[in-house]
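Numbering-wise (the numbering used here), the sequence shown opens with residue 4 and increments by one.
Encoded as structure tokens, the structure appears first; notes follow it.
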Amino acid sequence: MTRPQTPSQLKAELESQKDLLLKACLHALNEIPNTRLSGPFPSTYALAAQLDRLIQSSK
């Protein structure tokens, strides 16, 4: 069992792992066929492209 974490500790942990998580999401999206989505992105490819731009801008 892990020790309880404060909100600020959780935020710091997320920030330290954000790029890794975004890259993992991008790779997962690229593994599935292009699919229509409802919401702000019309397809999985459009969502993947936006994630890629976000990753590139954070470098």
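Positions of the beta carbon are idealized from the N, C-alpha and C atoms, including for glycine.
Following the DSSP letters along the chain, one finds Lys26 inside the alpha helix (DSSP H) bounded by residues 10 to 34. Boundaries cannot be given for Ser41, as no alpha helix (DSSP H) includes it and DSSP labels it neither H nor E. Contact between Leu24 and Leu54 fails: their C-beta atoms lie close to 10 Å from each other, not under 8 Å. Residue environment: Ala15 is assigned as exposed (fewer than 16 neighbouring CB atoms within 10 Å of its CB, all protein chains considered).
For Ser60, the enclosing alpha helix (DSSP H) has its first and last residue at 47 to 60.
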